[in-house]
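Numbering (the working numbering), first residue to last: 399 to 971.
Glycine residues also receive a C-beta, built at the ideal position from the N, C-alpha and C atoms.
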């Protein structure tokens, strides 16, 4: 402890949720507001070891050991405090200064201070911006909400904030590291946020660590921009509003997830306070785990348009993996959570929440036609998608209930659905260091790395689950995520986003591929056709295997079913 100041210790503590840390060592089960397990520090048959997410402490009612997250690591790992601090810092991706070194500590302090200064600057200028105040009034936000969430305005100036911050003991280097100014190619700096409404993004201790900003210029290509990644801010692990709503989410054991800043602010202002915003992107594993620490279920309440529905679909994988029950609200056409809250208040929001559908029921509503009228390929895709999700549910009882729901809504035998899950579970997890992937998978990703304008079309025609190689499926998913975030999915951008060296090398190799064709659009069309053909061929093989099993068991009903499915599939082939 002699080597690290209180600010460093506090930073690591803030980044280390005690439930998340201890659950890596013990199988915690939620009962009421706390989590429980058998104590690791003494022998016992009944779980008396309690972990409080609200208080961020643990306590054993048997042996009476207790403390905070540092105490647990010190006791469990038998480490002195400095080593426990290092372990938790590494786990939370918090950079520690070297022994006797104070420069990095100062840098962190300056970045924190820069955000405090920026927040105050934006708030002061909001009061001077008539158009900002009128706009917020049109969105029906109260002064109390504006103050609580520190909404501000960045003036239409290239360097107003830069000059202001310099008067607050901040250097240009400090501000650049904080992501608040941008360095010019010919020297000098300019403000990142200009003529924009500014939303403050907080950490769990409600300290400002980043900003999101909305333009007033309809000609501006980027309607919203965010702070870049900094030592304090990692977008993939932040949910807007969780800083203020985490306690309410834990009390309700349920989180309502919306897309945008105004969606969150309108619901929170109306008294629906167990809400967070995904900031317009599908969920990351880190965000899903964040919610899983506080809630047992989530309700996705995204915009009524097709983009909103697709965002809901893309969000569920990691939510299921985090052990969360998922429901979806399908809003009326042309509406979003913000508009409903402004028009009808809390009663209107509660009415929509009461109509939340299970994820299985929601998928029925997104199909292009009645299920029985769909092609065999579309039916197969819909059910296989749900079967894949079922395989992500670790708890056996929850998984079985989910399978029963699939069978009921899709009017298909439960045994068939279970077999689909077994097929998914039976697939080996491929080691990225050992596999080179199928030529089809490799060529498809390589083409998208060279022709990013095809990504939108690809997202509509090929799913990551259509890949045979998991590493390439992961890279393809990242391409889709970057595209969804309005970031160019360039090879360099992708390489920056992955941590494993083999993946970096694979992306570079794919980007360098020579297709030896002048018509890459035709290459793309051929690859999509090949994906669909491979899917149908694999399905035919699987149907024949299942038919053989049914014949062995003399199951006439299943024999007839599989023979009919094979007949229909042959027509498509």
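- Per DSSP, residue 594 is one residue of the beta strand (DSSP E) stretching across 594-600.
- Per DSSP, residue 457 is one residue of the beta strand (DSSP E) stretching across 455-458.
- The C-beta distance from residue 640 to residue 674 rounds to 5 angstroms, short enough to meet the 8 angstroms contact threshold.
- Segment contact: the region 735-743 against the region 655-669, three or more CB-CB distances shorter than 8 angstroms; contact assigned.
- Looking at the backbone, the Cα of residue 516 and that of residue 584 are separated by about 25 angstroms.
- For the 8 angstroms CB-CB criterion, residue 438 and residue 416 do not form a contact.
- Less than 8 angstroms divides the Cβ of residue 574 from the Cβ of residue 581.
- Beyond the five residues adjoining it in sequence on each side, residue 647 comes within less than 7 angstroms, by CB distance, of 653, 672, 692 and 693 in the same chain, given in chain order.
- Per DSSP, the unbroken alpha helix (DSSP H) holding residue 472 starts and ends at 467-475.
- Here the region 620-640 makes no contact with the region 523-533; the two share fewer than three CB pairs at distances below 8 angstroms.
- The alpha-carbon of residue 650 is positioned some 22 angstroms away from that of residue 546.
- With a beta-carbon spacing of about 5 angstroms, residue 436 and residue 445 fall inside the 8 angstroms limit used to define contacts.
- Annotation for residue 940: the continuous alpha helix (DSSP H) segment containing it runs 918-950.
- The C-alpha of residue 958 is placed about 30 angstroms away from the C-alpha of residue 760.
- The shortest CA-to-CA distance from residue 717 to any of 729, 730, 697 and 727 is the one to 697.
- In the DSSP assignment, residue 428 is bridged to 433.
- Ranked by how close their Cα comes to the Cα of residue 425, the residues 775, 448 and 521 have 448 in first place.
- Straight-line spacing of the CA atoms in residue 617 and residue 701 works out to 23 angstroms.
- Collapsing the DSSP output to three states places residue 624 in a strand.
- Contact fails between the region 530-544 and the region 597-607, because fewer than three Cβ pairs, one in each stretch, are under 8 angstroms apart.
- Under the three-state reduction of DSSP, residue 548 is assigned to coil, being neither helix nor strand.
- Between the alpha carbons of residue 967 and residue 934 lies a gap of roughly 7 angstroms.
- Counting along the chain, the unbroken alpha helix (DSSP H) around residue 659 starts and ends at 659-667.
- For the set 419, 699 and 433, the Cα lying nearest the Cα of residue 472 is the one of 419.
- With a 10 Å radius around the Cβ and a threshold of 16 neighbouring Cβ atoms, residue 931 comes out exposed.
- The Cβ atoms of residue 668 and residue 747 sit closer than 8 angstroms to each other.
- Here residue 909 has 847 and 889 as same chain residues with Cβ atoms under 6 angstroms from its own Cβ, once five neighbours each way along the sequence are excluded.
- With a cut-off of 8 angstroms on Cβ pairs, the region 869-884 is not in contact with the region 939-955, counting fewer than three such pairs.
- Counting other Cβ atoms within 10 Å of its Cβ, residue 481 stays below 16 and is therefore classed as exposed.
- Secondary structure note for residue 653: its beta strand (DSSP E) is the uninterrupted segment 652-656.
- Residue environment for residue 690: buried (at least 16 other C-beta atoms within 10 angstroms of its C-beta).
- Exclusion of the five residues before and after residue 844 leaves 908, 909, 911 and 913 as the residues of its chain whose Cβ lies within less than 8 angstroms of its Cβ.
- Ranking 454, 872 and 741 by CA distance to the CA of residue 898 puts 872 first.
- With respect to the C-alpha of residue 549, the residue from 688, 521 and 626 having the closest C-alpha is 521.
- When secondary structure is reduced to three states using DSSP, residue 698 falls in the strand class.
- In the structure shown, residue 635 adopts helical secondary structure according to DSSP, grouped into three states.
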